[in-house]
Each structure stands twice: as C-alpha cells, then as structure tokens.
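A.B. asks:
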Amino acid sequence: MLTTETAIRLNDVNSDGIEDIILGFGTGADAFYYPKVVCHVYFPKSKDECGGGMLALDGKTGNEIWRHYSAHEIFAINCNADLNGDGTKDCLGGGRMAVSFCFNAVNGKDGTLLWEFDDQNAKIDASNVYTPQYISDVDSDGVLDLVVIHGGDPLKEPGSETRLVGRLMVVSGKTGRVLKWVQVPDEKESYYSPQVLTHPDGSKLLLFGTGGETHGGSLWVMKLNHLLTGEINMAENIYTDKFKGIMTPPVLIDITGDGVRDIVMAMFNSSVIAFDGLTFIKLWEYEQPSSESYSTPGVGYYNNDSIPDFIINYQTGPGFPIYYYTQTIILDGRDGKPLLPKPIKMVVEHNLHLLLSV
Numbered sequence: 001m002l003t004t005e006t007a008i009r010l011n012d013v014n015s016d017g018i019e020d021i022i023l024g025f026g027t028g029a030d031a032f033y034y035p036k037v038v039c040h041v042y043f044p045k046s047k048d049e050c051g052g053g054m055l056a057l058d059g060k061t062g063n064e065i066w067r068h069y070s071a072h073e074i075f076a077i078n079c080n081a082d083l084n085g086d087g088t089k090d091c092l093g094g095g096r097m098a099v100s101f102c103f104n105a106v107n108g109k110d111g112t113l114l115w116e117f118d119d120q121n122a123k124i125d126a127s128n129v130y131t132p133q134y135i136s137d138v139d140s141d142g143v144l145d146l147v148v149i150h151g152g153d154p155l156k157e158p159g160s161e162t163r164l165v166g167r168l169m170v171v172s173g174k175t176g177r178v179l180k181w182v183q184v185p186d187e188k189e190s191y192y193s194p195q196v197l198t199h200p201d202g203s204k205l206l207l208f209g210t211g212g213e214t215h216g217g218s219l220w221v222m223k224l225n226h227l228l229t230g231e232i233n234m235a236e237n238i239y240t241d242k243f244k245g246i247m248t249p250p251v252l253i254d255i256t257g258d259g260v261r262d263i264v265m266a267m268f269n270s271s272v273i274a275f276d277g278l279t280f281i282k283l284w285e286y287e288q289p290s291s292e293s294y295s296t297p298g299v300g301y302y303n304n305d306s307i308p309d310f311i312i313n314y315q316t317g318p319g320f321p322i323y324y325y326t327q328t329i330i331l332d333g334r335d336g337k338p339l340l341p342k343p344i345k346m347v348v349e350h351n352l353h354l355l356l357s358v
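This is the structure we're talking about:
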C-alpha cells in the first residue's frame with residue numbers, strides 16, 4: 001500500500017487525448033537511512049531506492065502506466081513543461097531529504113529519469129525540496145528553468161532551537177544543474193513553494209516565506225532578476241510574525257479589479273490576510289482564534305457580487321502538533337468578513353478545498 005501527500009496533476013502521457021493522473025507517493029519504508037534489503041524484499045522493481053516515487057495512472061481505465069521509484073517520498077509535483085522536446089510534458093518531483101536525490105525530473109512518457117539534483121554545494125542532506133516553479137530560460141539552452149525552495153528539517157523535534165536555513169535555488173530545467181542559490185534573507189527555515197507574480201510593467205517578482213510551526217518568519221518579495229544575480233539583500237519584507245512562520249503559499253487572484261493578482265493567504269497564526277498585489281499594502285484581515293492552518297484558501301463565488309470569495313480550513317486546539325477539530329470558514333473577498341453565521345466544524349483535516357462551478 002502506498003501513501004500520498006501530493007496534489008494530483010493531470011498530464012496526457014500516453015497520447016490518447018484523455019488526461020492521465022500523476023501523483024507522488026511514499027512507501028512506508030522511508031527514513032534518513034534504510035538498508036537496501038528493504039527494497040529488494042518489499043519493492044523488487046525499485047532496485048536500491050524505495051522510500052517513495054512518482055506514479056502515472058491511465059485517466060481512462062485507472063491502470064498504472066508507469067512508476068518511478070526514488071530514495072525518499074515525493075510530495076511536490078509540477079508537470080507543466082516538456083523538458084526533453086518529445087512533445088509530452090515531463091514531471092518534476094520534490095520531496096524529503098536531499099541526502100539522496102529528493103528532487104528530480106521524470107520523462108512524462110515512460111517514467112524514466114531525466115536528471116536529479118545532486119549539487120554538493122547547494123544541497124542540505126536533511127532538508128526537503130518543495131514544489132518547483134517554472135521561470136524563463138535564464139541559461140539560454142531552449143528549456144524553461146526553475147526556482148525552488150530547499151529547506152526544512154524533518155528530523156528536528158517541534159520547538160527545537162537550531163534550525164536549518166532555507167535556500168532559494170535557480171535550477172536548469174534541462175540538466176538539473178544549480179545555476180544560482182542563496183540563503184533566505186532572515187536566515188530562517190523555509191517550507192514555502194515559491195510563486196511568481198507579474199506586474200503591469202512586465203517585471204517578474206518572486207514571493208516566498210520563511211519560518212515554521214514553532215518559529216517566526218516573514219513573507220518576502222523580490223525581483224526575479226535580483227535572485228539571478230544573488231542580491232538577496234534586495235528582498236522586501238511584506239509581513240512578519242515573530243512566533244509562527246509563513247509556510248503555506250497564498251492564492252494569487254485579483255480582488256481589487258486593477259488587473260493585478262492580489263495575495264490572499266491563511267497564516268499559521270490564526271489570521272487570513274489579503275495584500276494588494278501591486279503595492280503589498282494590507283487590504284483586510286480576519287482572525288480565527290486558537291487555530292492554525294496548512295491550507296491555501298479555495299476561491300469561489302459565494303455571494304451576489306463579482307469579487308472572488310474564499311473558503312479556508314483552520315485546525316483548532318492547543319497548537320502544533322495537537323488539534324481537536326477543524327473549522328471551515330467562508331470570507332467575503334471584498335472585506336474579509338465571514339459569509340456564514342458561524343464556522344462549520346468537522347474532524348481534523350488539512351486538505352485544500354476542491355471547488356466545482358455549476
């Protein structure tokens with residue numbers, strides 16, 4: 001039996017005109033170190049690496065098309081670009097512990113390895129790699145390149161004082177070579193999948209967060225060009241919490257009507273905050289006391305205006321890692337006020353909302 005923490009990706013890998021299903025998985029055998037005999041006995045097709053991997057299922061039948069094993073669990077996937085020029089989008093997989101290739105690119109057609117991250121100067125053995133974001137072709141090889149956060153330490157106990165400093169990396173989409181890496185500006189840990197925001201003048205800005213469940217951090221923005229030149233000192237602080245980190249990426253959507261995507265995020269500190277995507281000024285804030293969230297807000301229309309609204313899950317209890325129940329709230333995108341008379345209570349769950357328009 002496999003486990004999974006990934007968002008499902010759709011990618012027609014067998015060229016039948018029907019989207020297939022791509023997901024990352026863990027096997028239960030994952031650890032910082034595990035003997036190879038575990039793989040030989042329980043996952044013989046994996047050879048020497050069986051902590052996790054990536055899987056493609058036929059969208060028409062549900063049958064397995066291919067499976068790629070990796071040393072550790074894969075929980076972050078991006079299948080948005082064709083890296084090898086064969087006409088099928090390939091898949092990037094990020095996951096746990098860089099000691100053994102926690103970041104790789106897999107051929108979308110057959111699941112074979114295209115490249116894997118193994119830069120001894122850039123990688124931290126115990127840290128994870130989060131969902132990579134495509135940027136322009138900065139090394140001029142004809143293939144889109146990537147920006148990714150490398151950080152976190154799954155081996156640390158909650159509240160431990162010493163944390164590994166997160167790193168922003170620019171990676172070649174064609175070869176996996178690290179083109180540039182820098183530490184985050186406040187030298188905090190990071191679990192945030194970076195995002196690219198485009199301004200009306202065409203400039204590309206990078207959003208990223210720092211901090212963790214029990215350590216403070218900030219939401220940062222910087223021009224992508226400054227990252228490419230290693231000028232991390234040019235990063236600007238949008239928001240800081242001294243006690244809890246900025247871990248979950250926001251939803252980027254225009255709620256002011258100016259044509260620029262704004263920033264709406266559920267903080268880990270009980271707050272939902274909207275920032276103007278052009279000026280980064282706070283638009284509104286809502287608080288759900290004694291709660292913490294791992295979820296990006298879901299976007300929908302829940303009243304009669306044309307402004308997007310937001311549905312959010314908050315876990316309520318003493319705090320990480322103990323929660324008693326989940327509360328679901330729906331907020332008016334115009335001013336952040338609740339649209340329900342009271343939150344919806346349910347058992348503890350951390351999933352993002354899947355919304356359907358009917």
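If you're matching positions, the sequence shown starts at 1 in full-length UniProt numbering and goes up one per residue. Ideal Cβ positions, reconstructed from N, Cα and C, are used throughout, including at glycine.
If you draw a straight line from the C-alpha of Val-347 to the C-alpha of Thr-326, how long is it?
C.D. replies: 6 Å
A.B. asks: Cα-Cα, which of Thr-3, Leu-331, Pro-200 and Lys-345 is closest to Glu-285?
C.D. replies: Leu-331
A.B. asks: What span of residues does the beta strand (DSSP E) with His-150 cover, start to end?
C.D. replies: 145-151
A.B. asks: Which residues in the same chain as Glu-287 place their Cβ atom closer than 7 Å to its Cβ, once the five residues preceding and following it in sequence are excluded?
C.D. replies: Ser-270 and Ser-271
A.B. asks: Shortest alpha-carbon distance to Arg-261 belongs to which of Thr-316, His-199 and Leu-283?
C.D. replies: His-199
A.B. asks: By the three-class DSSP mapping on this structure, what secondary structure does Cys-39 have?
C.D. replies: helix
A.B. asks: Taking a contact to mean a Cβ-Cβ separation below 9 Å, would you say Phe-43 touches Ala-29 in this structure?
C.D. replies: yes
A.B. asks: From this set, Leu-339, Phe-103, Glu-19 and Val-170, which residue's C-alpha is nearest Asn-304's C-alpha?
C.D. replies: It is Leu-339.
A.B. asks: Does DSSP put Leu-205 in a helix, in a strand, or in coil?
C.D. replies: strand
A.B. asks: Identify whether Met-234 lies in helix, strand or coil by the three-state DSSP scheme.
C.D. replies: helix
A.B. asks: Which residues in the same chain as Val-38 place their Cβ atom closer than 6 Å to its Cβ, once the five residues preceding and following it in sequence are excluded?
C.D. replies: Ala-29
A.B. asks: Do you know how far the Cα of Ile-8 is from the Cα of Lys-345?
C.D. replies: 26 Å
A.B. asks: In three-state DSSP terms, what is His-72?
C.D. replies: coil
A.B. asks: Compare the Cα-Cα distances from Lys-342 to each of Gly-336, Gly-333 and Ile-329 and report the closest residue.
C.D. replies: Ile-329
A.B. asks: Report the partner residues of Met-222 according to the DSSP bridge assignment.
C.D. replies: Leu-206
A.B. asks: Tell me the rounded alpha-carbon separation between Leu-282 and Leu-227.
C.D. replies: A small fix is needed here, since residue 282 is Lys in this sequence, not Leu. Distance between Lys-282 and Leu-227, taken at the CA atoms: about 25 Å.
A.B. asks: Tell me which residue opens and which closes the beta strand (DSSP E) that Tyr-134 is part of.
C.D. replies: 133-135
A.B. asks: Can you tell me whether Ser-338 is helix, strand or coil according to DSSP?
C.D. replies: This sequence places Pro at residue 338; Ser is not what is there. Reduced to three states, the DSSP call for Pro-338 is strand.
A.B. asks: Of all the options Trp-115, Arg-167 and Asn-237, which has the alpha carbon lying nearest to the alpha carbon of Asn-121?
C.D. replies: The shortest Cα separation from Asn-121 among Trp-115, Arg-167 and Asn-237 belongs to Arg-167.
A.B. asks: Name the DSSP bridge partner or partners of Asn-104?
C.D. replies: Gly-93 and Glu-116
A.B. asks: Checking 9 Å against the spacing of the C-beta atoms, do Ser-193 and Ala-81 come in under that value?
C.D. replies: Their beta carbons are not under 9 Å apart, which means Ser-193 does not touch Ala-81 by this criterion.
A.B. asks: For the beta strand (DSSP E) containing Phe-280, name the first residue and the last one.
C.D. replies: Element bounds for Phe-280: n/a, residue is neither H nor E.
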